Amino acid sequence: MESVHYDRDSERNSPINAHPKPARSSLPDPEVILKKILDTEGQEVFVEFFPCPHAGQPIRRVKTTHKAQRKYPDVGALADPEAFKIAELLMQPGITACFRNSFLRLKRLRGKLPWHNSRALQKDINKLPHGPDWEVQPFKLTGNSGEEIVKLWKQNPLNVIRAILRDKTLRKYLQYRVVDR
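In terms of my numbering, the sequence shown is residues 294 to 474.
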């Protein structure tokens with residue numbers, strides 16, 4: 294077996310490796326400072342501290358454009374829980390508008406109720422948001438901090454689809470056809 298000799302000097306002088314090596318910068322290497330700390334879960338982590346005190350700070354405030362974050366709509370006197378209960382009682386099935394009018398116009402109650410007649414009550418009720426009913430279900434979450442019982446808000450998907458199909462503002466964007474089975 295023949296031995297192979299490896300000569301580093303000949304490699305440096307070969308035309309293949311003729312490009313010069315870059316000169317080292319005269320600046321010293323930046324010093325990296327790491328600090329060992331415990332994170333929120335109790336794990337040891339190494340944190341690198343930067344010389345700039347503004348590193349990691351927000352650049353500017355975020356503008357929220359989500360429509361879901363709007364304030365709750367003005368519902369008039371129904372914002373008061375007591376007035377809401379009274380309206381709920383007056384709107385029970387079997388109670389006529391004539392009875393509501395006579396009840397709201399009683400001298401003893403005049404000035405104590407937020408509505409002077411049935412029409413004013415109906416206007417406030419029409420300000421309430423409409424849509425499919427929401428159901429609340431307790432839900433148990435298990436995580437790092439233990440078990441927690443939270444509220445799960447849900448809707449019946451069929452009722453949501455019905456509400457979308459009935460919405461007049463969306464009607465021009467919907468395309469569907471009846472299929473015979």
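Even glycine gets a Cβ: it sits at the ideal position worked out from N, Cα and C. None of the values given here were measured: they were computed from a predicted structure.
Is there a C-beta anywhere in chain C that falls below 7 Å from the one on residue i?
i	result
Asn-394	The structure shown has no chain C; it contains just one protein chain.
From the DSSP output, which residues share a beta bridge with residue i?
i	result
Pro-431	Lys-444
Gly-439	Gly-436
Lys-329	Phe-339
How is residue i classed by DSSP in three states: helix, strand or coil?
i	result
Val-340	strand
Ile-418	helix
Ile-454	helix
Leu-406	coil
Pro-351	coil
Arg-369	It is Gly, not Arg, that sits at residue 369 in the sequence shown. Gly-369 falls in the helix class under three-state DSSP.
Arg-401	coil
Pro-386	coil
Which residue marks the beginning of the alpha helix (DSSP H) containing residue i, and which one marks its end?
i	result
Lys-461	Unbroken run through Lys-461: none, as it is neither H nor E.
Leu-397	390-397
Leu-383	374-383
Does the beta-carbon of residue i have 16 or more other beta-carbons within 10 angstroms, so that it is buried, or is it exposed?
i	result
Ile-457	exposed
Gly-439	exposed
Leu-380	For the sequence presented, residue 380 should be read as Ala rather than Leu. When all chains shown are included, Ala-380 counts as buried.
Gln-468	exposed
Gly-369	buried
Leu-371	buried
Asp-367	exposed
Asp-417	buried
Examine the Cβ distances between the region 386-398 and the region 411-421 and report whether three or more of them are shorter than 8 Å.
Touching, per the Cβ criterion.
Whether or not the region 374-390 and the region 343-354 are in contact is what I'm after, with contact meaning three or more pairs of Cβ atoms, one per stretch, closer than 8 Å; do they touch?
The region 343-354 makes no contact with the region 374-390, as fewer than three CB pairs between them are under 8 Å.
Within 8 Å, do at least three Cβ pairs link the region 430-437 to the region 398-408?
Counting Cβ pairs under 8 Å, fewer than three are found: no touch.
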